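Data first, discussion second: the structure below is written as structure tokens.
Protein chains: 4
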Amino acid sequence: MAVRVAVAGASGYAGGELLRLLLTHPEVEIGALTGNSNAGQRLGALQPHLLPLAGRVLEPTAPEVLAGHDVVFLALPHGQSAAVAEQLGPDVLVIDMGADFRLTDAAAWERFYGSPHAGTWPYGLPELPGGRAALEGSKRVAVPGCYPTAVSLALCPAYAAGLAGPEAVIVAASGTSGAGKAPKPHLLGSEVMGSMSPYGVGGVHRHTPEMIQNLGAAAGEPVTVSFTPTLAPMSRGILATCTAAARPGVTAESLRAAYEKAYADEPFVHLLPEGQWPATASVHGSNAVVVQVAHDTAADRIIAISAIDNLTKGTAGGAVQSMNIALGLDETTGLTTIGVAP
Amino acid sequence: MAVRVAVAGASGYAGGELLRLLLTHPEVEIGALTGNSNAGQRLGALQPHLLPLAGRVLEPTAPEVLAGHDVVFLALPHGQSAAVAEQLGPDVLVIDMGADFRLTDAAAWERFYGSPHAGTWPYGLPELPGGRAALEGSKRVAVPGCYPTAVSLALCPAYAAGLAGPEAVIVAASGTSGAGKAPKPHLLGSEVMGSMSPYGVGGVHRHTPEMIQNLGAAAGEPVTVSFTPTLAPMSRGILATCTAAARPGVTAESLRAAYEKAYADEPFVHLLPEGQWPATASVHGSNAVVVQVAHDTAADRIIAISAIDNLTKGTAGGAVQSMNIALGLDETTGLTTIGVAP
Amino acid sequence: MAVRVAVAGASGYAGGELLRLLLTHPEVEIGALTGNSNAGQRLGALQPHLLPLAGRVLEPTAPEVLAGHDVVFLALPHGQSAAVAEQLGPDVLVIDMGADFRLTDAAAWERFYGSPHAGTWPYGLPELPGGRAALEGSKRVAVPGCYPTAVSLALCPAYAAGLAGPEAVIVAASGTSGAGKAPKPHLLGSEVMGSMSPYGVGGVHRHTPEMIQNLGAAAGEPVTVSFTPTLAPMSRGILATCTAAARPGVTAESLRAAYEKAYADEPFVHLLPEGQWPATASVHGSNAVVVQVAHDTAADRIIAISAIDNLTKGTAGGAVQSMNIALGLDETTGLTTIGVAP
Amino acid sequence: MAVRVAVAGASGYAGGELLRLLLTHPEVEIGALTGNSNAGQRLGALQPHLLPLAGRVLEPTAPEVLAGHDVVFLALPHGQSAAVAEQLGPDVLVIDMGADFRLTDAAAWERFYGSPHAGTWPYGLPELPGGRAALEGSKRVAVPGCYPTAVSLALCPAYAAGLAGPEAVIVAASGTSGAGKAPKPHLLGSEVMGSMSPYGVGGVHRHTPEMIQNLGAAAGEPVTVSFTPTLAPMSRGILATCTAAARPGVTAESLRAAYEKAYADEPFVHLLPEGQWPATASVHGSNAVVVQVAHDTAADRIIAISAIDNLTKGTAGGAVQSMNIALGLDETTGLTTIGVAP
């Protein structure tokens with residue numbers, strides 16, 4: 001019997017990507033699709049790439065609309081998920097694609113988001129140590145941020161193996177879909193095409209505490225994170241360049257061994273052959289994470305680089321992967337490691 | 001039992017896209033993959049987005065390599081398909097993604113390609129009148145060109161309904177993957193980003209006689225085609241703007257009725273709601289064709305516009321669709337109308 | 001003594017491009033810069049590429065601010081120019097970069113713009129027959145639209161020489177800056193990158209009557225125009241593909257002769273050598289128009305293609321060129337035919 | 001009397017950009033233009049954006065062709081400059097836009113380039129301490145690499161003021177023109193559009209020793225550099241994100257004061273107002289360097305970010321700036337801080 005799924009926030013990029021994936025998920029039946037400002041509009045006008053759903057009409061994000069589903073995905077602005085989740089009952093699987101329930105540190109939440117902390121849900125990054133167990137059978141899932149997904153999967157094996165020093169320096173480039181669909185002047189095509197620019201510099205990006213949480217857990221000790229996000233002239237993709245001082249005795253071989261061990265059985269994380277480096281084009285539309293790591297011997301630093309699709313593995317694909325685990329389905333159902341390139 | 005498929009020319013863009021589709025085709029087992037200059041290389045180095053095939057190694061394009069398959073796709077440079085096809089035997093389904101067997105007019109072939117005409121195979125555009133019947137059970141298929149696919153599906157309903165005058169004027173924009181993977185200076189990223197440019201102007205593009213063939217067949221009389229292709233700063237997609245004089249009595253209603261009738265039951269061709277126009281992003285990676293038509297009353301012309309993905313419906317998706325028909329499978333197996341956007 | 005210039009609407013793309021050019025114009029002193037919603041802001045925040053003006057602050061668009069200048073450029077939304085111009089007095093050179101005063105046909109204005117016609121000013125396309133004379137000493141100039149600039153310069157020589165039939169079919173691709181800086185969802189980088197899409201299809205684009213006006217004047221008889229604009233994934237540039245039936249007796253030689261004669265002495269219009277076709281990258285940031293023409297003998301049509309920078313020759317460069325003529329300066333002062341490429 | 005200038009290597013991107021600048025340099029007369037594989041071709045076919053030079057024909061790079069000029073710019077592949085320079089005589093100003101004479105450390109040269117060190121010429125980055133003095137009256141200039149230009153101007157003030165620790169971590173994104181015009185598969189538009197990818201990871205990029213040289217000189221002690229370059233989907237521009245540990249006592253104020261002091265009188269380096277960050281679009285085609293710096297207090301690191309146009313300030317503009325100084329002209333002659341945006 002099909003799993004009946006509702007999507008709250010179906011008009012944005014996260015919601016659209018989720019529907020793209022759910023349309024080919026063999027166990028899922030797509031139920032209510034909601035939006036607020038867009039309620040009443042045809043999905044064909046809002047998400048013209050989803051032709052099989054073109055005739056569907058968005059409903060308001062209301063309890064009676066979301067009722068009666070096995071799974072409800074929330075693709076809402078920050079701060080709105082808790083109120084909706086409360087109305088859904090404990091037996092519904094609620095998967096929050098926003099930030100509200102990602103952080104365990106309430107103080108960090110309040111510092112970065114400026115509002116009371118809503119709580120902490122099981123964290124939807126199964127590739128982290130203990131990650132799958134936390135999700136199995138859970139009725140609540142907090143989907144990780146896109147940058148923390150890319151960064152954690154690039155660096156955690158080095159931290160878990162005790163190879164990396166506690167001060168991570170990370171620069172990541174993201175496609176513009178990461179900034180959402182609300183029209184803002186600096187996101188106009190005229191502005192972003194042909195331009196690279198940083199934003200949220202100096203430790204103020206809201207994904208920073210989530211990286212600190214994940215890397216620290218892997219390291220078993222506090223890790224500081226210097227994180228600089230940049231906006232790249234492309235629609236999708238994150239390339240995360242992550243470095244940390246090498247601990248004494250680190251070699252190219254010990255590094256590679258740690259990553260091979262960490263990812264040997266992971267269906268979505270692919271450690272590339274030596275000498276080949278990730279490109280975001282390779283994972284366009286796929287749930288794969290491609291990773292490579294090197295030891296810069298002159299600077300004595302570890303350089304770990306990952307590429308993901310920010311909307312797929314970084315948001316909606318990660319959400320589906322967690323749904324699969326929570327429901328006891330095969331983790332890879334409805335997901336792919338095949339990118340759309342060139 | 002799985003259909004065993006070989007791909008000759010697996011390192012290029014057409015071959016890569018074909019493999020992307022075949023990987024999710026439930027009836028297919030991917031057999032030999034060949035290349036000439038790239039024989040011996042890992043596919044992971046050549047097509048890094050196809051992670052499930054990353055470890056496969058290209059073999060030479062030789063009869064003994066291609067033997068023992070049910071279907072052989074040829075993604076070879078023009079003029080090389082006939083020699084390979086001859087060696088494959090009459091019981092193998094051979095699908096030529098090149099131009100060699102598309103034209104019925106040998107003189108047109110020789111004028112545009114400058115070499116002897118190899119022959120004519122059943123033409124793989126099932127949406128044309130009589131198109132499916134020609135493919136059912138066939139052991140040879142000529143996959144249409146990407147531009148003729150977009151143009152024919154935009155204009156044939158108008159011609160078939162007797163609404164359009166016999167002089168078509170067409171301007172199409174294509175992504176750069178249509179020009180292939182062989183490195184040439186004018187195809188460098190530095191050259192194409194931020195630039196639109198025409199090429200093959202003045203009726204010399206090799207896809208012109210194929211359009212003349214298709215539009216003339218639909219019209220039941222000769223049609224002339226003024227075709228100007230342009231190179232757009234994007235990897236994929238064709239937007240074809242096709243116009244012809246309106247015959248006396250044409251109205252917006254008669255036009256729309258003709259297109260609705262033509263495409264009511266087509267699984268891949270979607271006539272958009274009135275007022276919505278095609279965008280190539282909507283069909284990125286999908287086998288869909290989105291079409292819209294209007295009557296410019298002041299100029300008294302029909303404007304029909306289509307968008308396709310040149311590599312999917314325009315090449316490899318069209319090839320798989322024809323394979324499905326030739327093998328008696330459901331025509332949509334392994335194909336989608338869901339695009340990857342934004 | 002320097003010409004003192006004010007710019008009303010300095011925060012948008014047209015105003016920004018105008019300032020870019022005026023900054024290197026040797027006869028000009030930049031005076032008041034105004035905006036409405038942006039009044040009070042630093043230009044450095046709005047136009048960060050204009051470093052020499054970074055500290056300037058926008059003032060409101062008010063008569064007392066614009067008073068005391070020799071030249072006032074209006075880069076305002078449609079319909080606002082007349083009221084501002086009236087307050088400026090007859091001795092001030094007023095150059096309207098909007099549409100308000102371009103059309104001679106009041107009925108066409110009202111049909112396309114839905115408001116009363118404000119009047120007709122000398123038309124700032126000096127390359128048209130009689131174009132310069134109309135501008136010399138004038139105190140009012142209507143700057144042409146970007147598409148009409150590209151299209152008129154591509155086709156007028158064929159019409160003026162009696163070589164082209166009276167039904168023009170035009171498809172043009174424009175960079176996104178032509179759509180302005182006001183944030184709208186379909187202009188987001190995520191939407192436009194990787195996508196080509198048409199808009200204003202079927203004769204409804206407001207630049208159509210301006211093309212009809214210019215081509216008809218060149219032909220000496222009415223010309224109908226089928227015009228389809230498309231949005232291309234680039235910030236700047238227009239590529240206009242313009243076709244018309246060839247009149248009996250037209251040859252490649254007669255066509256070329258007509259264009260050579262028309263543009264032999266033009267400082268900004270360059271007829272390319274035979275076989276070379278325009279690319280928008282060549283004119284990025286330059287005031288040049290590159291043109292090529294061919295005779296498609298099979299379809300018996302003339303294909304004339306031009307490339308311009310929509311913001312330079314298509315808007316602000318054309319405006320400066322007209323200012324130079326109106327003031328009796330050398331027409332090329334402060335302008336260049338050197339593009340910024342790649 | 002005009003300075004007569006020859007350009008060896010006029011068909012590539014560096015040579016083309018140099019000609020773009022020299023065309024508007026009021027003191028320069030453009031003499032011989034040479035190429036090797038392209039000798040005999042019209043510049044209009046190779047650099048179609050340089051319309052005023054379209055009719056010029058490339059000559060071979062030979063001593064008799066380069067003779068008789070006051071200045072010779074070398075835009076040649078690595079390793080070829082020394083042989084050409086030797087033939088030019090000591091009174092000719094020779095400006096090498098390649099790497100051959102940049103490094104003072106012969107061992108570093110041999111390690112990174114694998115060939116004997118040709119020597120060291122005065123280094124063309126006047127904004128470095130003592131930089132101008134080294135260039136005044138010099139007859140030989142080594143133009144810095146594009147990445148070292150961006151990185152050195154971002155970080156040297158922090159090092160010179162003793163604020164930054166000796167381990168710099170740098171991630172930079174470059175437009176594709178930095179990789180040159182020779183066609184290679186990974187530089188095709190189809191490959192680079194929509195993709196970010198790293199290269200030369202792990203300390204192996206040849207610009208690394210040049211950064212070590214510059215940062216170490218500013219610091220007065222050895223500095224290690226972890227440098228990761230990435231290829232961005234744009235034609236031009238470098239965004240360099242440069243970080244180093246903050247020395248004890250560093251504050252936002254002390255950092256800003258150091259940068260304000262360093263760049264107060266620099267004509268091309270602009271420290272942005274607090275809170276505004278560099279974007280490469282702002283410097284497209286300009287010789288400006290826009291810089292911002294922050295103190296990430298949680299990670300206790302300095303984050304300095306610069307944007308340049310890799311072809312202008314990063315190559316040809318820097319070369320012209322050094323020429324101006326060497327010849328005793330005003331340093332800004334023929335150069336601009338106005339970018340072409342959007």
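Residue numbers (UniProt numbering), protein chains in the order written: chain W, 1 to 342; chain H, 1 to 342; chain C, 1 to 342; chain A, 1 to 342.
Where a beta carbon is used, it is the ideal one built from N, C-alpha and C, also for glycine.
Quick caveat: nothing in here was measured; it's all calculated off a predicted structure.
Item to check | Contact set between the stretch 270-288 of chain C and chain A, restricted to residues whose Cβ is under 9 Å from the partner | outcome: His270, Leu272, Pro273, Gln276, Pro278, Ala279, Ala281, Ser282, Val283, His284, Gly285, Ser286, Ala288
Checklist entry - For the candidate residues Leu335/W, Ser152/W, Leu188/W, Ala182/W, whose alpha-carbon lies nearest to that of Leu76/W? => result One-based indexing of the first sequence puts residue 76/W at position 76. Among Leu335/W, Ser152/W, Leu188/W, Ala182/W, the Cα nearest to that of Leu76/W is on Ala182/W.
Checklist entry - At what residue ranges does the stretch 25-91 of chain W contain a whole run of the alpha helix (DSSP H), taking only runs of 4 or more? => result 43-46, 63-66, 81-86
Checklist entry - Is there contact between the stretch 240-260 of chain C and the stretch 176-190 of chain H, where contact requires at least three CB pairs shorter than 8 Å? => result no
Next on the checklist: Check whether chain A comes within 8 Å of Thr230/H, counting only Cβ atoms and requiring the distance to be less than that.
Outcome noted: On the second sequence, residue 230/H is found 230 positions in, with the first residue counted as 1. Thr230/H does not count as touching chain A.
Item to check | Contacts of Val169/C in chain H (Cβ-Cβ under 9 Å) | outcome: Within the third sequence, numbered from 1, the residue matching residue 169/C stands at position 169. Correct list: Val169, Val171, Ser226, Thr243, Ala299, Arg301.
Checklist entry - Which first and last residues belong to the alpha helix (DSSP H) in which Val192/H is found? => result Start at 1 with the first residue of the second sequence, and residue 192/H comes out as number 192. First-last of the alpha helix (DSSP H) with Val192/H: 189-192.
Item to check | Buried or exposed (CB count within 10 angstroms, at least 16 for buried), Val57/C | outcome: Numbered from 1 along the third sequence, position 57 holds the residue referred to as residue 57/C. Flag for Val57/C reads exposed.
Checklist entry - Going along chain H in order, which residues have a C-beta closer than 8 Å to the C-beta of Leu199/C? => result Your numbering for residue 199/C matches position 199 in the third sequence. Contrary to the premise, residue 199/C reads as Tyr rather than Leu in this sequence. Correct list: Trp277.
Item to check | Own chain, CB closer than 8 Å to Trp277/W, minus 5 neighbours either side, in chain order | outcome: If you number the first sequence from 1, residue 277/W lands on position 277. Same-chain partners within the cutoff: Gln292, Ile305.
Item to check | Limits of the alpha helix (DSSP H) - the one that Ile325/W falls within | outcome: One-based indexing of the first sequence puts residue 325/W at position 325. Run containing Ile325/W: 317-327, per the alpha helix (DSSP H) assignment.
Next on the checklist: Would Glu167/C and Ala299/H qualify as a contact pair, given that the criterion is a beta-carbon distance under 8 Å?
Outcome noted: Counting from one through the third sequence, the residue named residue 167/C turns up at place 167. Counting from one through the second sequence, the residue named residue 299/H turns up at place 299. Cβ distance < 8 Å, so Glu167/C and Ala299/H count as in contact.
Item to check | Segment contact flag, the stretch 231-247 of chain A with the stretch 228-238 of chain H, C-beta cutoff 8 Å, min 3 pairs | outcome: no
Checklist entry - Under 7 Å Cβ-Cβ, which residues of chain C neighbour Asp296/H? => result Counting from 1 along the second sequence, the entry for residue 296/H is found at position 296. Chain C residues near Asp296/H: Gly202, Gly203, Ser226.
Checklist entry - Between Leu19/H and Asn324/A, what straight-line distance do the alpha-carbon atoms span, to the nearest angstrom? => result Counting from one through the second sequence, the residue named residue 19/H turns up at place 19. Counting from one through the fourth sequence, the residue named residue 324/A turns up at place 324. Each residue's alpha carbon lies about 56 Å from the other.
Next on the checklist: Among Glu29/W, Ile212/W, Leu135/W, whose alpha-carbon lies nearest the alpha-carbon of His69/W?
Outcome noted: Walking along the first sequence from the start, residue 69/W turns up at place 69. Per the Cα distances, Glu29/W.
Next on the checklist: With the cut-off set at 8 Å, would you say Asp309/H and His270/H are in Cβ contact?
Outcome noted: As a first step, residue 309/H must be located in the second sequence, where it is residue number 309. As a first step, residue 270/H must be located in the second sequence, where it is residue number 270. Taking 8 Å as the Cβ cut-off, Asp309/H and His270/H do not qualify as a contacting pair.
Checklist entry - Which residue comes first and which comes last in the alpha helix (DSSP H) that contains Gln213/C? => result Residue mapping note: residue 213/C aligns to position 213 of the third sequence, counting from 1. Start and end: 208-219.
Checklist entry - Within the chosen definition, does the stretch 87-104 of chain H reach the stretch 121-129 of chain H through at least 3 CB pairs nearer than 8 Å? => result yes
Next on the checklist: I'd like the span of the alpha helix (DSSP H) that includes Ser254/C, first residue to last.
Outcome noted: Here residue 254/C refers to the residue found at position 254 when the third sequence is read from its first residue. Counting along the chain, the alpha helix (DSSP H) containing Ser254/C begins and ends at 252-263.
Checklist entry - Thr315/C and Val143/C look like a contact to me (Cβ under 8 Å); what is the Cβ gap, rounded to whole Å? => result In the third sequence, residue 315/C corresponds to position 315, counting from 1. In the third sequence, residue 143/C corresponds to position 143, counting from 1. Right, the Cβ-Cβ distance comes to about 7 Å (below 8 Å), so this counts as a contact.
Checklist entry - For a contact meaning CB atoms closer than 9 Å, what does Glu191/A contact in chain W? => result On the fourth sequence, residue 191/A is found 191 positions in, with the first residue counted as 1. What Glu191/A touches in chain W: Ala279, Ala281, Ala341, Pro342.
Checklist entry - Of all Cβ atoms in chain H, is any one closer than 8 Å to the Cβ of Pro233/C? => result Counting from one through the third sequence, the residue named residue 233/C turns up at place 233. Output row for Pro233/C: interface = yes.
Checklist entry - Are Leu165/A and Ala245/A touching if we call contact CB-CB under 8 Å? => result Within the fourth sequence, numbered from 1, the residue matching residue 165/A stands at position 165. Within the fourth sequence, numbered from 1, the residue matching residue 245/A stands at position 245. The residue you asked about is not Leu; residue 165/A is Gly in the sequence shown. Yes, these two residues count as a Cβ contact at 8 Å.
Item to check | Supposed contact pair Val169/H and Thr243/H - C-beta distance, whole angstroms, cut 8 Å | outcome: For the purposes of this step, residue 243/H is identified with residue 243 of the second sequence, where counting begins at 1. For the purposes of this step, residue 169/H is identified with residue 169 of the second sequence, where counting begins at 1. Correct: roughly 5 Å between the Cβ atoms.
Item to check | Which listed residue (Arg42/A, Pro63/A, Val65/A) has its alpha carbon closest to that of Ala54/A | outcome: As a working note, residue 54/A is residue 54 in the fourth sequence. Measuring from the Cα of Ala54/A, the nearest candidate turns out to be Arg42/A.
Next on the checklist: If I measure Cβ to Cβ from Ser197/H and keep anything under 6 Å in the same chain, skipping five residues before and after, which residues do I get?
Outcome noted: Along the second sequence, one-based indexing puts residue 197/H at 197. Within the same chain, Ser197/H has close Cβ partners Leu231.
Checklist entry - Relative to the alpha-carbon of Glu64/W, which residue among Leu21/W, Gln80/W, Ser115/W, Ala6/W has its alpha-carbon at the smallest distance? => result In the first sequence, the residue the question calls residue 64/W occupies position 64. Selected option, being the one with the closest Cα: Ala6/W.
Checklist entry - Looking at the unbroken alpha helix (DSSP H) that takes in Glu17/C, where does it start and where does it end? => result By one-based count along the third sequence, residue 17/C stands at place 17. It spans 13-22 - the alpha helix (DSSP H) in which Glu17/C sits, taken as one unbroken run.
Checklist entry - For the stretch 150-162 of chain A, which residues have a CB atom closer than 7 Å to at least one CB atom of chain C, in sequence order? => result none
Checklist entry - Thinking C-alpha only, which one of Ala82/H, Tyr147/H, Val201/H is nearest Pro116/H? => result Taking the first residue of the second sequence as 1, we reach residue 116/H at position 116. Comparing Cα-Cα distances from Pro116/H to each of Ala82/H, Tyr147/H, Val201/H, the minimum goes to Ala82/H.
Next on the checklist: Looking at the secondary structure, which residues open and close the beta strand (DSSP E) in which Leu155/A lies?
Outcome noted: Working through the fourth sequence from its first residue, we reach residue 155/A at position 155. Where Leu155/A is concerned, there is no enclosing beta strand (DSSP E), although the alpha helix (DSSP H) it sits in stretches over 146-160.
Checklist entry - Quick one: is Ile305/C near chain H, going by C-beta distance under 8 Å? => result For this step, residue 305/C is matched to residue 305 along the third sequence. Judged by the 8 Å Cβ criterion, Ile305/C is in contact with chain H.
Checklist entry - Using DSSP with H/G/I as helix, E/B as strand and the rest coil, what is Arg4/A? => result In the fourth sequence, residue 4/A corresponds to position 4, counting from 1. Arg4/A falls in the strand class under three-state DSSP.
Next on the checklist: For Gly237/H and Ala307/H, I'd like the C-alpha separation in whole angstroms.
Outcome noted: Counting from one through the second sequence, the residue named residue 237/H turns up at place 237. Counting from one through the second sequence, the residue named residue 307/H turns up at place 307. Cα to Cα, the separation comes out at about 7 Å.
Checklist entry - Thinking C-alpha only, which one of Arg256/C, Asn36/C, Leu188/C is nearest Gln80/C? => result Here residue 80/C is taken as the residue at index 80 of the third sequence, counted from 1. Considering only alpha carbons, the answer is Asn36/C.
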